[in-house]
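Student: Okay, here's the structure, questions in a sec.
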Amino acid sequence: MNRIFLAVTLAAAQLFAVSAFAQSKGEADPAQSKAIPSKPATAEEKAAAKSARKTESMKQAKTEKAQDQEHKTLGKAKVATKAERKEAAKTRRASAAASLKKGEISSGEK
């Protein structure tokens with residue numbers, strides 16, 4: 441009897457504890473729910489802010505462009521001609537065929 445009473449008491453305590461510590465539904469206090477109202481910016485203030493941002497971004501773009509110029513390469517590396525590539529491929533195929541005949545390379549088929 442005592443065990444049953446203890447188990448029922450613990451279960452009831454958990455039920456009440458869950459509801460007691462549950463979070464609220466997120467409803468804010470009406471007095472603090474809104475930000476302090478501010479007056480809208482005038483067209484002149486917006487234009488002044490825009491020109492300030494534009495000059496700052498132009499300065500930054502110029503410095504970035506100067507840094508990019510420092511890291512540019514002087515030119516492209518020499519590219520092999522088509523004939524040179526064909527000759528290199530032929531050489532690779534010949535050496536692979538010789539290695540395959542000697543048994544150094546397995547053909548992959550078993």
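441 is the number of the first residue of the sequence shown in the numbering used here; add one for each residue after it. C-beta: ideal position from N, C-alpha, C; glycine also. In this text, all values refer to a predicted model and were calculated from it rather than measured experimentally.
According to DSSP, is Ile444 part of a helix, a strand, or is it coil?
Tutor: Position 4 of the sequence shown, counted from the start, is the residue given in the question as residue 444. Three-state result, Ile444: helix.
Student: Over the uninterrupted alpha helix (DSSP H) stretch that includes Glu527, give me the two end residues.
Tutor: The residue given as residue 527 occupies position 87 in the sequence shown. That run of the alpha helix (DSSP H) goes 522 to 542.
Student: DSSP three-state call for Ser478: helix, strand or coil?
Tutor: Numbered from its first residue, the sequence shown carries residue 478 at position 38. Of the three classes helix, strand and coil, the one that applies to Ser478 here is coil, per DSSP.
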